[in-house]
Every structure is written in structure tokens, then in C-alpha cells.
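Some notes on the structure that comes next.
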Amino acid sequence: MNLIALPAFTDNYIWMLHDGTQALVVDPGDAQPVFDALQRLALQLSAILVTHHHPDHTGGVAALRDATGAAVYGPAAERIPEPLQRLREGDGVSCLGLAFDVLDVPGHTAGHIAYYAAQVTVDGTAAPLVFCGDTLFSGGCGRLFEGTPAQMLASLDKLAALPGDTRVCCTHEYTLSNLRFARAVEPANDALASYQQACEGRRARQQPTLPSRIDTERAINPFLRSRLPAVAAAARARAGAAAPADEAGVFGLLREWKNGFQ
Ligand SMILES: [Zn+2]
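Quick note: the working numbering has the sequence shown finishing at residue 945, numbered continuously throughout.
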């Protein structure tokens, strides 16, 4: 399989997975980059996977479906134009000979889902892969537009529990700004400092920082580390004496801190 991050808008990626003949894409907010890639690589589009309803993830779906006849899959609980095969946790999707399991990961939106495949061989290496939309980013997580801190924490726990070598295919190139925030939260995290340096190098060469890996994110992403004493203490200190003490409360403080971080 070939895994490609097609740039769209200012900082979105539309993930494309193809076997040289058939392709699937994830969250095509714009149809044009997908049409261009299909033509350039002489591929047929067989499936469109949607993680949540935001327009920068769905704007190109109708044009792609109408032009290619691709099957469209998306979350059961969100308002996405029909026809659509509606999915929730426990459901699966088969395409390109791969089996994807659907995970419910609410928080960014109320019905957000992710797609997990236990084994995908890319560039000769077999590893799991997850298309996680705007739930988990490298070094960060999505904003809580429709969900609570407790919901997002549970969703991130679910993703963090995937195998360490899982390729994390997020939909935005937010990594460098996320890592600046992560350094403010955990200035003594050496793994974070060296990952930041590596990502700065990739961006300087105009390369994506993605996909990331679950084991990397466990080591550097403050939103997967909010229960660690150093991270929780930083979030509480930032918020002052009245800071809540429970896990979801601390996670919420961390998310609010990031919202205002420059
Ligand atoms: Zn979104």
C-alpha cells in the first residue's frame, strides 16, 4: 500500500491509501487535490471515509462520490449529507482488501469516529494504522467544540491504548505549534525536545510531520500525559488555587491553557 498526505486548504491533509489501482481517501474537505492525485497516479476511488461533519472534512465528498461512484462511510450520529453508510463503534469497513474497525471518539464533535486497521503494509513495513480526524494531533488534540473534557479524555485513552507502532494519520499539520505548547507544559521532557527538533527539520524540508506513531505520542503529547504529576501540576499551577483536582478537570485546564496559548 501507498500512504499519501494530500495537502488541502492551509494546513489540512487528505489521507489517501492506494494499492496502485484502487484508492480510498479520508476527510476530503476539497475534491480537487483528490481528483488531481487520482489522475496523476491513474487510480480509481473506491471509498471515502469521513470522521466528522466539519466542512473542511466533508466539502469534497459529494463531488468525488458523483464523479467516481465511491462508497461513502461516516459517523452514525452526525449530520452528513446522504447517501452515506453510517457507522459506530463495533462496525467495520472493508476496502482495498483491508479491514477497518470503527472507534467512537467523541469530544471534538459529538459523533466523531476513527478508523483503525490492525495491519497495513506501507513501504514494506507492516504496522497498524489509525485515521483519527481532529481527535488526536501530533503533540496535541482537537478543540472541544461539542464534547466535554471527560469525553475527550476517554477518546484519547482509547487511541493511546492502540499498539505503539500504530501510524497516526491526523488531519492537520499543527505539529510545530502543538510542540511549542507541549514544551511550555513539560520543559524537562527530553523526548519532546528531540522530537520537536526532528519535526522542525521535516517542515524546513517541506515534508509533513505525519504520520506520527502512538508510542511517540504517549511520550511527548501532553494531552495523553495529563495524569502524570508534572503535567497535572503545570496545568493546576497555570490555573491557580481553585483548580479542580479530578482527571477530567485537569485535562480541561490543559485544553483551556492551549486555547489561549500563543
Ligand atoms: Zn473538525
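Using N, Cα and C, we set each Cβ at its ideal position, and we do this for glycine too. The model shown is predicted, which means the values in this text are computed figures rather than measured ones.
In terms of alpha-carbon separation, which member of the options lies closest to residue i?
i, options, result
"Asp784", "Asn695, Tyr798, Pro711, Pro690", "Tyr798"
"His855", "Pro690, Asn685, Met684", "Pro690"
"Ile763", "Cys778, Gly775, Arg863, Leu732", "Leu732"
"Asn685", "Ala918, Ala720, Glu939", "Ala720"
"Leu819", "Pro711, Asp774, Arg901, Pro716", "Arg901"
"Pro846", "Ser729, Asp898, Phe828", "Asp898"
"Glu761", "Gly794, Leu707, Asp774, Arg908", "Gly794"
"Glu765", "Leu779, Val788, Thr741, Gly703", "Thr741"
"His737", "Phe934, Asn695, Arg885", "Asn695"
"Gly816", "Leu842, Ala730, Ala801", "Leu842"
"Ser729", "His791, Ser777, Met835, Gly712", "Ser777"
"Phe906", "Gly743, Phe814, Phe864", "Phe864"
"Gln722", "Ala706, Leu862, Gly935", "Ala706"
"Asn942", "Arg826, Val933, Arg921", "Arg826"
"Glu829", "Pro789, Val744, Arg921", "Pro789"
"Gly822", "Gln802, Tyr857, Thr831, Val813", "Tyr857"
Just how far apart, CA to CA, sit residue i and residue j?
i, j, result
"Phe718", "Glu869", "42 Å"
"Arg888", "Leu724", "23 Å"
"Gly786", "Gly923", "It is worth fixing the name first, because residue 786 is Leu in this sequence and not Gly. Going from the Cα of Leu786 to the Cα of Gly923 covers about 36 Å."
"Ile903", "Leu875", "5 Å"
"Ala926", "Val755", "44 Å"
"Gln890", "Ala688", "10 Å"
"Asp749", "Ala833", "39 Å"
"Ser909", "Arg919", "11 Å"
"Trp940", "Tyr878", "22 Å"
"Cys882", "Leu893", "9 Å"
"Thr804", "Leu726", "18 Å"
"Pro811", "Val851", "9 Å"
"Cys824", "Leu700", "23 Å"
"Gln768", "Leu859", "35 Å"
"Asp739", "Ala913", "35 Å"
"Phe944", "Gly780", "43 Å"
"Ala753", "Ala745", "10 Å"
"Arg1009", "Trp698", "Only positions 684 to 945 of the chain appear in the structure, and residue 1009 is not among them; the question remains open."
"Ala759", "Ala871", "42 Å"
"Ser895", "Thr751", "30 Å"
"Leu937", "Gly703", "43 Å"
"Asn861", "Ala867", "10 Å"
"Gly775", "Phe934", "30 Å"
Label residue i either buried or exposed according to how many other C-beta atoms from any shown protein chain fall within 10 Å of its C-beta, with 16 as the threshold for buried.
i, result
"Asp806", "exposed"
"Asp873", "exposed"
"Leu911", "exposed"
"Phe692", "exposed"
"Thr808", "exposed"
"Ser838", "buried"
"Ala773", "Note that residue 773 is Gly in the sequence shown here, rather than Ala. It is exposed - the Cβ of Gly773 has fewer than 16 other Cβ atoms within 10 Å."
"Gly884", "exposed"
"Asp710", "buried"
"Asp840", "exposed"
"Asp929", "exposed"
"Arg771", "exposed"
"Gly757", "buried"
Kindly identify the DSSP beta-bridge partner or partners of residue i.
i, result
"Ile796", "Asp787"
"Met699", "Ile687, Val708"
"Arg896", "Arg850"
"Gly757", "Arg769"
"Gly820", "The residue asked about is misnamed: residue 820 is Phe in this sequence, not Gly. Partner(s): Gly823."
"Gly780", "None; Gly780 has no bridge partner."
"Ile731", "Val708, Val755"
Taking Cβ positions only, does residue i come closer than 9 Å to chain B?
i, result
"Asn872", "Of the protein chains in this structure there is only one, and it is not chain B."
Just the residues with CB closer than 5 Å to a heavy atom of ligand 1, in chain order, which are they?
Those residues having their beta-carbon less than 5 Å away from any non-hydrogen atom of ligand 1 are, in chain order, His737, Asp817.
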